[in-house]
């Protein structure tokens, strides 16, 4: 990995830490107390191939939502609604809005929604609609917020991009997507789980430079659990 990339990661991670204490854990008003629920707590993990677990050996047993569910225990029902290649953008080349997983996540009527979409939006054919990204993201937040269970919602920053592949851009993740997500979270009063910092400077966890392996998925699961669960 070149020095400029490492320096950029360090500087950006410091910026995230200094700019908001909610970048790694959820706001106190958002945390989940299992004692407040008289049924299994349904958690919908909405996302792209990183949520789905693409690139993980034995994906079915080591994707981050599954690991999260095992860590949280029997009181929780955690479902993986990740879709490889999916974008937040409605005008994206493979919009999450049009995938069956979106309806499935909706029908699940979750108590908690964790959204991690933005990596595929950085592709040139998608980012040309960048001005629509926040509008579409806010629409998704409002969609899930209106469900009968009135879920608590966490936003996630994208993971680092260790090498430009398939048009996915680290520069746009850092300079485009993350600032937009942070601004939206502030405006909507929602917490962010900072997956960028969680997975930064860990290239060994990214065999194809884009998707984390099982160890990376465990880091993600731990970050989500730390953010959403009452201490």
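Residue numbers (my numbering): 1 to 231.
All C-beta atoms in this analysis are idealised placements derived from N, C-alpha and C, irrespective of residue type, glycine included.
A quick note: this is a predicted structure, and the numbers were derived from the prediction, not measured.
- Secondary structure of residue 190 (DSSP, three-state): coil.
- Cβ-Cβ separation between residue 111 and residue 37: approximately 7 Å, consistent with a contact (criterion under 8 Å).
- For residue 44, the uninterrupted beta strand (DSSP E) segment begins and ends at 41-47.
- For residue 154, the enclosing beta strand (DSSP E) begins and ends at 152-156.
- Pairwise C-beta distances place the segment 102-110 out of contact with the segment 65-72, as fewer than three of them are shorter than 8 Å.
- Where residue 99 is concerned, there is no enclosing alpha helix (DSSP H), because DSSP gives it neither an H nor an E.
- In the DSSP assignment, residue 80 falls within the beta strand (DSSP E) that extends over 76-82.
- Judged by DSSP in its simplified three-state form, residue 228 adopts helix.
- The DSSP-derived three-state label of residue 115 is strand.
- The three-state reading of DSSP puts residue 130 in helix, counting H, G and I together.
- Rounded to the nearest whole angstrom, the CA to CA distance from residue 75 to residue 115 is 21 Å.
- Taking all protein chains in view, the Cβ of residue 131 is surrounded by fewer than 16 other Cβ atoms within 10 Å, so the residue is classified as exposed.
- Here the alpha carbons of residue 45 and residue 85 stand approximately 15 Å from one another.
- Considering only 41, 30 and 33, the residue with the shortest C-alpha distance to residue 149 is 41.
- Taking residue 157 as the centre and dropping the five residues before and after it, the same chain places the C-beta of 178, 181, 192, 194, 195 and 196 closer than 7 Å to its C-beta, in chain order.
- Distances from the alpha-carbon of residue 207 to those of 87, 165, 35 and 227 put 165 closest.
- Relative to the Cα of residue 122, the nearest Cα in the group 175, 39, 209 and 213 belongs to 175.
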